[in-house]
């Protein structure tokens, strides 16, 4: 072989070797890059979960569309009366015809990754309502959790077979879960749902000022849809002062053709208020815009409740004195005021247990309805669930049109039998008139 051929042969072999090594290096680099990509790039399921969370977590829960279940809110419950257990309480309206199986609470860590699941216990907070082959019913779903609340930052609810799931909710803290001590609690909050009628702005002022004079610490008002702009202006004024919290609550199952469906929002709103404010108030009252619980022997709520403190009960129930419209008016009172203008009441109070309104010990109730607690905490340290307060201690003064059968209303609204029995008027009448006029000028001047 000539010298030239030998040189060419050596160069060819060296080029082949370099090319082979280069290919091997290229393969290694590509393989390493692929492994690195697999380690750092989120899986499709993680991307989908992140998208779902980002899509469905919103500052307000009032417009959330639901998939099968109508889930409104979720709160931590860390009360000592739960027997060393902690829960997430989910307020919901369920179509019980479609979902008769168990519900699973699926929790997500604060990182967005799945953490654990538990079986929800359903506590009814209403009788429900049928509509268009559905039967909607109100519930509080109770989901046990561990001590690390970070692993329960988000939650969604699904059926046992995972066929349907709700939207993802952020589990919200309340004063108790954030560490507020009992000694720092205020005394009493009133949780109210405005789900019927056409609320009047002047009645709202009179009603709120009366509660403020009776030393109610806070009123929380939930409503679905209010067309009265003056009513909203009054609510915003009290909200700016810190006396009133205003919440809008959505109704994804409501139908304009059936206005009764929004009554299904009443109990969810009350329970949402209870759990949002756990640890903030010793007592939770529940009475509506056309009524007010009035102490009979004491000047205000704190002194009345102090007198009842030793009664070992979860809830105090107050019987009704009805101030029916048909009983007449006191024409000397400003026509814009309703309660003071209707001092006349029925001859007798309502029977024990009939449509009573309650003040609950916030430590000791789990599932509230508009009149009573339907479920108490397992270890409330009380001897009874409900104590019917004597009418000489406190009553619920109820201002409305007579709602009984016509013959009963005729007998109950006979003017000759009416009583001038407004304790509210005697207790705070003069001050209430002055505060009412002052607020009217402030809002509508």
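In my numbering, the protein residues as written are 39 to 483. For glycine and all other residues, C-beta sits at the position ideal for the given N, C-alpha and C.
With distances taken between CA atoms, residue 186 lies nearest to 209 out of 203, 209 and 411. Here DSSP, grouped into helix, strand and coil, assigns residue 250 to helix. For residue 116, same chain residues with a beta-carbon under 7 angstroms away, outside a window of 5 residues either side, are 124, 214 and 215 in chain order.
Note that the region 241-251 does not touch the region 297-310; fewer than 3 beta-carbon pairs, one per stretch, sit closer than 8 angstroms.
Within the DSSP secondary-structure output, residue 351 pairs in a beta bridge with 422.
For residue 394, same chain residues with a beta-carbon under 8 angstroms away, outside a window of 5 residues either side, are 355, 356, 357, 358, 388, 409, 410, 426 and 434 in chain order. Here the C-alpha atom of residue 330 lies approximately 16 angstroms from the C-alpha atom of residue 282.
Beyond the five residues adjoining it in sequence on each side, residue 195 comes within less than 8 angstroms, by CB distance, of 107, 109, 128, 130, 141, 142, 143, 144, 158, 179, 203 and 204 in the same chain, given in chain order. Cβ-Cβ separation between residue 412 and residue 163: approximately 6 angstroms, consistent with a contact (criterion under 8 angstroms). Taken through DSSP and simplified to helix, strand or coil, residue 453 comes out as helix.
Taken in chain order, the complete alpha helix (DSSP H) segments of 4 or more residues contained in the region 268-320 are 304-314. Counting along the chain, the unbroken alpha helix (DSSP H) around residue 482 starts and ends at 461-482. With respect to the 8 angstroms criterion, residue 167 and residue 365 are not classified as neighbours on the basis of their beta carbons. DSSP places residue 399 in the strand class (E or B) of the three-state scheme. Under the Cβ criterion (8 angstroms, minimum of three pairs), the region 271-290 does not count as touching the region 343-355. Taking C-alpha positions only, residue 343 is separated from residue 119 by approximately 20 angstroms. When secondary structure is reduced to three states using DSSP, residue 333 falls in the strand class. For residue 182, the enclosing beta strand (DSSP E) stretches over residues 172-183. Membership of residue 118 in any alpha helix (DSSP H) is not indicated, and neither H nor E is assigned to it by DSSP. Exposure of residue 188 is indicated by the presence of fewer than 16 other C-beta atoms within 10 angstroms of its C-beta. A direct Cα-Cα distance of roughly 55 angstroms separates residue 197 from residue 367. Under the three-state reduction of DSSP output, residue 227 falls in the strand class.
In the structure shown, the three-state DSSP call for residue 360 is strand.
Contact check for residue 296 against residue 169 passes: the beta carbons are separated by less than 8 angstroms. Beta-bridge annotation (DSSP): residue 127 is paired with 113 and 180. CA-to-CA, the gap between residue 218 and residue 317 works out to about 6 angstroms.
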